[in-house]
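Data block below; observations after.
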Amino acid sequence: MYVSTAEESNAGDDTVKLARKIATLYQLSDNKPNILSIWNSTSMYPLELIPKSDFPVPESIKDSFQRGEALILETDTEIKAHFYLNESHHVLAISLPLARQPEQNIKIVLTLIFYAGIVIIVLVWVWPLILRLIALQDTLKRIGKGDLKARIGVPSWSYIKTIEREFNRMAQQIESLIEDNKLLGRAVSHNLKTPLARLRFGIEALTATGDSEKRHDYGKRVERDMVEMESLISTLLNYAQLEENAIIQDFTPISLVELVEQCMQSYLENKLHWRFEVEGFDSNIVANEQYLSILIHNLFSNAQRFAKSEVLVKVRVCTVGSSDQRIELSVEDDGPGIEQSERDQVIKPFWRGGNNHNASEQPLGGHGMGLAIVSRIAYWHNAKLLISKSDGLSGAKILVEFPLYKSS
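Heads up: the sequence shown at position 249 corresponds to 248 in numbering that gives the first Met the number 0, and the numbers run straight through without jumps.
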């Protein structure tokens, strides 16, 4: 509450003048008790008559108040003007609405504009994020309903580009795993039927004949079918083990040239002519040696399976873009090659290309798993797998591009 005289009050001049006029009208009235009740029932400015003894006044303004000066009491909601009545020794209190000063109104308006501006800025900043989260939610719902090919578009202005890209990568991996499982299921069902049928026929023939020579021949056939089934089951278990070990540990710097030379030793004794070339300096990559060896052996086995007379293995250091250095491992052969239409399919489990029937049966590639394993291990090592035609040998060229290890 603020106490002041009319001259010191923050109330407007019009408000003080109005209060003074109401007080004058009341003093000039002949029927004061009646006019007080009539006034309060009809006017928006209530009057109150207070005994002087119940209205203490500060000594500093007591004299001016008794001479007729208005005493203004201000609160946050109203103004009360008080006038001393000499005749009745009472104080007349007049309640008036608070008239705000222009400066106060301007402050309120500016405050509202300030907070409104903050709200608008926050909305402008947050709204794109809300849109991206809604799009992410919609894509999740589509995947949950079975649309495994659903992906979220990643605009350049998105605040959560990294999250969206990782989400798309995860969705792609889930789709690949489910497709692999379906393909594995179909392949197992298809590939086991033939050896099982031959095995059943061989056992029936073996038990039906009494000729020792035929029994020996049937026994060899049964043994061959069992070896084929054992090879297929072993291949399935190895691939399943790769799926379980999707997060590889023990990454260390490895010399790719040295590891390729070690792996090649077991292939030099066959009838094929193996050539090994190194371009650039001997460099390291960060990899898991066990799985990298599996990748190299599968590349060599694939080339050995299809090559007619020659295999070229090359390790080359190259620069991608302006400064990104990579190290390439390529294996080329002079076989029939891989058709352009089949290059995206040969990395799938149990897929056999159109030229597969020309290849001799080898234990490491006979079930169509070699390049599927290469693709999976390359993915774990952040490497790119590229399949093309060999320029020099005219057969297939399988290239794996690894990030170059840079020591700190």
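Ideal placement from N, C-alpha and C gives every residue a C-beta, glycine not left out.
Proximity to residue i [Cα-Cα], best of the options
i, options, result
"Ile76", "Ser308, Leu135 and Pro96", "Residue identity check: residue 76 is Thr in the sequence provided, not Ile. Comparing Cα-Cα distances from Thr76 to each of Ser308, Leu135 and Pro96, the minimum goes to Pro96."
"Phe280", "Cys317, Lys192 and Val330", "Cys317"
"Leu294", "Ile376, Ile112 and Ser155", "Ile376"
"Thr165", "Leu176, Thr74 and Val153", "Reading off the sequence, residue 165 comes out as Glu, not Thr. Nearest C-alpha to Glu165: Val153."
"Lys388", "Gly369, Leu128 and Gly334", "Gly334"
"Leu231", "Asp249, Pro348, Thr74 and Gln303", "Pro348"
"Phe200", "Glu338, Glu222, Gln339 and Glu68", "Glu222"
"Ser292", "Gln303, Asn301, Trp273 and Gln261", "Gln261"
"Leu236", "Lys61, Gly184, Ile202 and Phe250", "Gly184"
"Tyr290", "His380, Trp124 and Trp350", "His380"
C-alpha distance - residue i paired with residue j, whole-angstrom precision
i, j, result
"Asn269", "Val310", "11 Å"
"Asp224", "Ile326", "42 Å"
"Ser211", "Glu229", "26 Å"
"Asp433", "Phe305", "A question about residue 433 goes unanswered here, because the residues of the chain that appear run from 0 up to 407."
"Val345", "Gly367", "8 Å"
"Thr161", "Leu147", "20 Å"
"Pro55", "His81", "12 Å"
"Ala18", "Ile93", "7 Å"
"Glu86", "Tyr25", "12 Å"
"Ser282", "Tyr266", "24 Å"
"Asp53", "Leu91", "12 Å"
"Arg150", "Ile159", "15 Å"
"Met263", "Gln172", "32 Å"
"Ile21", "Asn104", "27 Å"
"Val285", "Leu298", "19 Å"
"Gly145", "Arg342", "27 Å"
"Phe113", "Val121", "12 Å"
"Thr428", "Lys31", "No answer is possible for residue 428: it lies beyond the span of the chain, which begins at 0 and ends at 407."
"Ile337", "Trp273", "20 Å"
"Gly394", "Ala170", "35 Å"
"Asn33", "Ala115", "52 Å"
"Ser233", "Ile253", "28 Å"
"Arg214", "Lys192", "23 Å"
"Tyr433", "Gln324", "One cannot answer for residue 433 here, as it falls past the ends of the chain, which runs 0 to 407."
"Val319", "Lys405", "15 Å"
Sheet register partners of residue i (DSSP bridge)
i, result
"Thr318", "Gln324"
"Ala286", "Thr251"
"Phe401", "Ile326"
"Val310", "Trp273 and Asp332"
"Lys347", "BP columns for Lys347 are empty, so no partner."
"Ala395", "Lys388"
"Ser94", "Lys79"
"Glu341", "For Glu341, which the question treats as bridged, DSSP gives no partner whatsoever."
"Lys383", "Glu400"
Exposure label - residue i; buried when at least 16 CB within 10 Å
i, result
"Leu130", "exposed"
"Glu227", "buried"
"Tyr83", "buried"
"Glu178", "exposed"
"Met0", "Reliability of the predicted coordinates at Met0 is poor, the pLDDT of 47 falling under 50, and the value obtained from them is presented with this limitation in mind. Under this definition Met0 is an exposed residue."
"Lys409", "Summary: the structure shown does not reach residue 409, with the chain confined to residues 0 through 407, and so no result is reported for it."
"Ser59", "exposed"
"Asp332", "buried"
"Gln65", "exposed"
"Pro194", "buried"
"Ile108", "Here the sequence assigns Val to residue 108, which means Ile is not the residue at that position. The residue is exposed, with fewer than 16 neighbouring Cβ atoms inside 10 Å."
"Leu176", "exposed"
"Gln303", "buried"
"Leu70", "buried"
"Val118", "exposed"
Distance between beta carbons of residue j and residue i, contact taken as under 8 Å
i, j, result
"Ala204", "Tyr217", "5 Å"
"Ser308", "Leu271", "6 Å"
"Leu48", "His88", "So it is not a contact: roughly 11 Å between Cβ atoms."
"Leu403", "Leu385", "In fact, because the Cβ distance is near 17 Å, the residues do not count as touching under 8 Å."
"Val312", "Val330", "5 Å"
"Ala382", "Phe401", "5 Å"
"Gly369", "Ser300", "6 Å"
"Thr14", "Ile78", "6 Å"
"Glu288", "Thr251", "7 Å"
"Leu392", "Leu328", "About 16 Å; that fails the 8 Å criterion."
"Glu163", "Leu135", "7 Å"
"Leu46", "Trp38", "5 Å"
Short CB-CB distance (under 8 Å) between residue i and chain C
i, result
"Lys383", "Absent here is chain C; the protein component of the structure consists of one chain."
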